[in-house]
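Asks:
Right, here's the structure in full:
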């Protein structure tokens, strides 16, 4: 056996078989003494005396045991245990200091872990069970629209999906398509609207998923054109609706089709969704066929399928992207051949992007994803501040422990050991902070998640291994950051001078360090508060902006006929009856039928205006087809001219209302009223502009080139005005159940009506700002509090150290007011430094966030000024108390006391 | 009675290895052997043997095993390993060189 392995074996035994080794040592030594005693007895010594002599000859048994233990080579661990006990005792003796540090660290670590949970979900985490996420991608098609803006799509038409599958077999081993829809599941009274994912059969191949029971559907069941009406249930639906019994072979109506259940997906399976698990999975072909008939495989205009691809091993992302782009071109040419209106792929300047599967990391990352990365940075800053604060407190403590430390050095404790001991203390504090942090996560994580993530996606954050791992990492970081500075400082101390010095003296170097830390904290607080100001103003501006309608008071009702086929006149009659019933409801003040709904669905048609060329490059024009009460229902103001009314009926001269922006864009410098607009075809009859309405936000929250025009349903495609809008008294959401009952009564089974408050469609637009504002305000406030505490302790400590100097000043005739001013000035000097640095950093960083701001400049002087002033105020408050205390010293007493 | 000598630093290991080269034995036996062979000239505090034994064991020069002693008690027996044997040879040679050198110097004049 080599000496190395014997050494390792010996140490391992020493480490893990401590008890055994101790017992063996005992037995071995006892054996020796016994044998010695026996020998002496044999020589004629009386037993008692023999035992005594044997013990003496042996030597001090405890020291020998100690020496033997030292030979085991694991003193390090013994020392560690000692250090931990020592540190714990020290911390217990200073409960306020300990509690302060643990809380500070807890908040810092907790905030970080909670935010990490959110950022992780948005940016980093792949869908559960997805196999090898490095080779799974979402393809995006990029094109330049007529309006001149670049746009990326991840929703493809069925023919494009087929082309991807057919022509890219050498770069992609698999291409799957999916789309999640809200569909009615079940029959009759049990029918509920649930999310259902429409998927291609190979979708399941992307995941390490084994059906809980039964099977997933096969390619044969998803064959063009109509597939087989089958359904795979989610685990959740299987448990809640079917009690987990063997349901394979049973029937379930999904949307309009009665389907056979073939299997149940495993428990954690959500597919590609970032919104939690859908209720069921159905084949694309059977759904598309039921919805659009046999013609759907050739419909280029129906872009509704998201895709996910599996890159072949050895094919680079660049090569795959090039191949993808080529297929986009071929597909576009085929589409152009069918309908020249699409223009050429060259004009569309087609391009391809192969992005990671997380939407937050693709070209369509929403504002929320971008805000999340900023907030992640922010929470890290908060951790830095917390650490700076803790280091500050530790430094202050190190000064008061200087003599204790010097004494221990003088008594022969090695410097390495001493540094290790101080570091152990930091580690202990950080661990305690980490525990508090987890409590913060438990409580705060859910709140943050609810605020920010889509409702279905929130889960328990604490049970999440990644978040726990992150919290552990944050803890270690905190320990290193807070422990290194004081430990390093202690290691440098000169024993003799420290022992000779009184506590008052020395520590200048530490004081400089502490001041530096404080300036650092103050500047970080400034940075966060500026961010908070920017987000709060953005949110206020957004909330304050008029959308062009009153979203709070309007409900939207949609009818789902579930395959019930109504002929044209029948459907029209039903819609009219619907409208009349709504209008007669007591809570409804106005009601109208419309084709477009804000942030939900928008219509568009070709427009021709005499004297204006290529209108489509001037902006996005959204068509609203509505019944006469539309403007009163939505609260959209007609600024000039008139809204349409009952007299603008079929057969009467066609009329149109345009938005203010559209009037300005199409007829600059001229009066829009009375102008002629042709709809759908260059030779269509003139629709005369009779009114100009305020601008309304229909598709984008802020887009200066988005315009709306309105035509009476009686004169234009009345069958498309299928959404019922109702303006109600009181809280809109509260009226939903009564109205649903009322309207549902009109519908033949299995059709049903769903009612949604308009506010719910509009609100997600505020989410990014709301999240940013809440997080920055919370973290900015936290940072400010921490900085104020740091400032207070520093100044209080400083004052305590300088009591003698103050007394001398007062004894020599300084006014107490001067002393107060002097102390406050010293504090404000630090804060001032922080403000200058912080504002400079903010001025440099904020412009990078400007795309997330809403109608506020990144260097808004009001915000910058306000933050500076509030920090000064906080600085005065934090220093006032120690300053007053300093001025109250009794010089006689202090000076005598020396 | 002859004058007793304190053991020079570092030689205890060598003596233990030498004693064990004659065969496995337990701690007390080693102590007795050293005492007898040196004709009671060397004072080895009996207890100090044990940290040394543990050190040698950790280095892999000796191995320990529990066995029965002559009066049927459990005792921990130490035995020289191959590495221990080599170490003993090295140290013996080094010791011989050292003592010869010291003698030469002392014989100078």
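Chains as they are written, first to last, in this note's numbering: chain A, 335 to 1232; chain B, -17 to 91. Cβ atoms here follow ideal geometry from the backbone N, Cα and C, with glycine treated the same way. Nothing here was measured: the structure is a model prediction, and the numbers come from that model.
(1) Excluding the 5 residues flanking residue 1209 (chain A) on each side, which residues of the same chain have their C-beta closer than 6 Å to its C-beta?
(2) Using a C-beta cutoff of 8 Å, does residue 405 (chain A) count as contacting chain B?
(3) At a Cβ threshold of 8 Å, is residue 363 (chain A) touching chain B?
(4) Does the ligand MG have even one heavy atom less than 7 Å from the beta-carbon of residue 592 (chain A)?
(5) Quick check on DSSP: helix, strand or coil for residue 901 (chain A)?
(6) Within the 8 Å Cβ cut-off, does residue 32 (chain B) reach chain A?
(7) For residue 1188 (chain A) and residue 1035 (chain A), what's the separation of their Cα atoms in angstroms?
(8) Would you kindly report the start and end of the unbroken alpha helix (DSSP H) that includes residue 924 (chain A)?
(9) With distance defined between alpha-carbon atoms, name the residue in A:1120, A:926 and A:1039 nearest to residue 724 (chain A).
(10) What are the partner residues of residue 8 (chain B), as DSSP defines its beta bridges?
(11) Should residue 48 (chain B) go down as buried or exposed, given a rule of 16 or more other Cβ atoms within 10 Å for buried?
(12) Could you tell me the alpha carbon to alpha carbon distance between residue 644 (chain A) and residue 1051 (chain A), rounded to whole angstroms?
(13) Just to confirm, are residue 463 (chain A) and residue 692 (chain A) a CB contact at a threshold of 8 Å?
(14) What residues in the stretch -8 to 12 of chain B bring their beta carbon closer than 9 Å to a beta carbon of chain A?
(15) Mind listing, in chain order, the continuous beta strand (DSSP E) runs of no fewer than 3 residues lying wholly within the stretch 487 to 565 of chain A?
(16) At the 8 Å Cβ level, is residue 40 (chain B) part of the contact set with chain A, yes or no?
(17) Run through chain B and tell me which residues come within less than 9 Å of residue 393 (chain A), C-beta to C-beta.
(18) Does the distance from the CB of residue 853 (chain A) to the CB of residue 1202 (chain A) come in under 8 Å?
(19) Quick check on DSSP: helix, strand or coil for residue 1027 (chain A)?
(20) On a CA-only basis, which of A:593, A:604, A:889 and A:1154 is nearest residue 1096 (chain A)? Give me that one, please.
(21) Closer than 8 Å by beta-carbon distance: list the chain A residues that pair up with residue 55 (chain B), in chain order.
(22) Which residues in chain A have a C-beta closer than 8 Å to the C-beta of residue 37 (chain B)? List them in chain order.
(23) Based on the DSSP secondary-structure assignment, which residues constitute the bridge partners of residue 935 (chain A)?
(24) Hey, residue 472 (chain A) and residue 712 (chain A): beta-carbon distance below 8 Å or not?
(25) Under 8 Å between C-beta atoms, does residue 402 (chain A) make it to chain B?
(26) If you draw a straight line from the C-alpha of residue 967 (chain A) to the C-alpha of residue 442 (chain A), how long is it?
(27) Checking contacts by CB at 8 Å: is residue 358 (chain A) closer than that to chain B?
(28) Counting along the chain, where does the alpha helix (DSSP H) carrying residue 1107 (chain A) start and finish?
(29) Chain B beta carbons: is any one of them nearer than 8 Å to that of residue 344 (chain A)?
(30) Going by other Cβ atoms of all chains shown within 10 Å of its Cβ, with 16 needed for buried, is residue 427 (chain A) buried or exposed?
(31) State buried or exposed for residue 1104 (chain A), treating a residue as buried only when at least 16 other CB atoms are found within 10 Å of its CB.
(32) Is DSSP giving residue 792 (chain A) helix, strand or coil here?
(33) If you run the structure through DSSP and keep just helix, strand and coil, what is residue 1043 (chain A)?
(34) Indicate whether the contact test is met: 3 or more Cβ pairs, each with one atom in the stretch 1061 to 1069 of chain A and one in the stretch 486 to 494 of chain A, closer than 8 Å.
(35) Among A:638, A:558, A:633 and A:657, which has the Cα closest to the Cα of residue 668 (chain A)?
(36) How would you call residue 980 (chain A), buried or exposed, if buried means at least 16 neighbouring beta carbons within 10 angstroms?
Replies: If we stick to the structure as given:
(1) 1161, 1162 and 1165
(2) yes
(3) yes
(4) Absence of the ligand MG is noted for the structure shown, with no ligands found whatsoever.
(5) coil
(6) yes
(7) 10 Å
(8) Where residue 924 (chain A) is concerned, there is no enclosing alpha helix (DSSP H), although the beta strand (DSSP E) it sits in stretches over 922 to 928.
(9) A:1120
(10) B:59
(11) exposed
(12) 44 Å
(13) no
(14) 8, 9, 10 and 11
(15) 506 to 519 and 526 to 533
(16) yes
(17) 27, 28, 29 and 30
(18) no
(19) strand
(20) A:889
(21) 365 and 368
(22) 405
(23) A:931
(24) no
(25) yes
(26) 49 Å
(27) yes
(28) 1098 to 1135
(29) yes
(30) exposed
(31) buried
(32) Caution is warranted here: a pLDDT of 44 is assigned to residue 792 (chain A), below 50, making its placement in the model unreliable, and no coordinate value can be reported.
(33) strand
(34) no
(35) A:633
(36) exposed
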